[in-house]
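Asker: Residue 7 is where the sequence shown starts when you use the working numbering, and the numbers rise one by one after that. We put the beta carbon where it would ideally sit given N, CA and C, even for glycine. In this text the structure is predicted, and so the values were computed from the model without any measurement.
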Amino acid sequence: MNKSDLIKQLAEDKNLTPEEASDFVNTFFDSMREALLAGKRVEIRGFGSFKIKEYKGYVGRNPKTGEKVEVRPKKLPFFKVGKNLKDFVNS
Numbered sequence: 007m008n009k010s011d012l013i014k015q016l017a018e019d020k021n022l023t024p025e026e027a028s029d030f031v032n033t034f035f036d037s038m039r040e041a042l043l044a045g046k047r048v049e050i051r052g053f054g055s056f057k058i059k060e061y062k063g064y065v066g067r068n069p070k071t072g073e074k075v076e077v078r079p080k081k082l083p084f085f086k087v088g089k090n091l092k093d094f095v096n097s
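This is the structure we're talking about:
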């Protein structure tokens with residue numbers, strides 16, 4: 007399922023126009039993005055939680071040439087699956 011499928015499904019299930027459903031989905035994801043950028047953890051009970059993990063820079067190696075490469079520090083979103091979702095998928 008992609009974002010447009012989600013919007014379509016929401017519009018059908020809740021008897022909304024596609025524009026209303028799109029606004030709802032976009033607001034939901036924008037709110038999650040803003041919270042993560044502010045350094046907050048986003049938890050959706052029964053589904054999972056999102057947070058930003060920070061990784062330090064390091065010296066890596068180009069596997070083709072063997073040349074040393076400086077890898078800059080970075081931040082990446084991290085998702086941890088919730089117990090209910092994990093149990094549902096494994097049932």
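G52 bridges to which residues according to DSSP?
Answerer: For G52, which the question treats as bridged, DSSP gives no partner whatsoever.
Asker: Helix or strand or just coil, what does DSSP make of K74?
Answerer: Of the three classes helix, strand and coil, the one that applies to K74 here is strand, per DSSP.
Asker: On the DSSP bridge list, what partners appear for I58?
Answerer: BP columns for I58 point to P83.
Asker: Looking only at its chain, what residues have a beta carbon closer than 7 angstroms to the beta carbon of S28, apart from the 5 residues adjacent to it on each side?
Answerer: Same-chain partners within the cutoff: I13.
Asker: For N21 and D11, what's the separation of their Cα atoms in angstroms?
Answerer: N21 and D11: Cα-Cα distance of roughly 15 angstroms.
Asker: Is it the case that the Cβ atoms of L82 and K62 are separated by a distance below 7 angstroms?
Answerer: Cβ atoms of L82 and K62: not closer than 7 angstroms.
Asker: Can you name, in chain order, every residue of its own chain whose Cβ lies under 7 angstroms from the Cβ of V31, other than the five neighbours on each side?
Answerer: Excluding residues within five positions, the ones whose Cβ falls inside 7 angstroms are K9, L12, I13 and L16.
Asker: In terms of alpha-carbon separation, which member of M7, K86 and V95 lies closest to R51?
Answerer: It is K86 whose Cα lies nearest to the Cα of R51.
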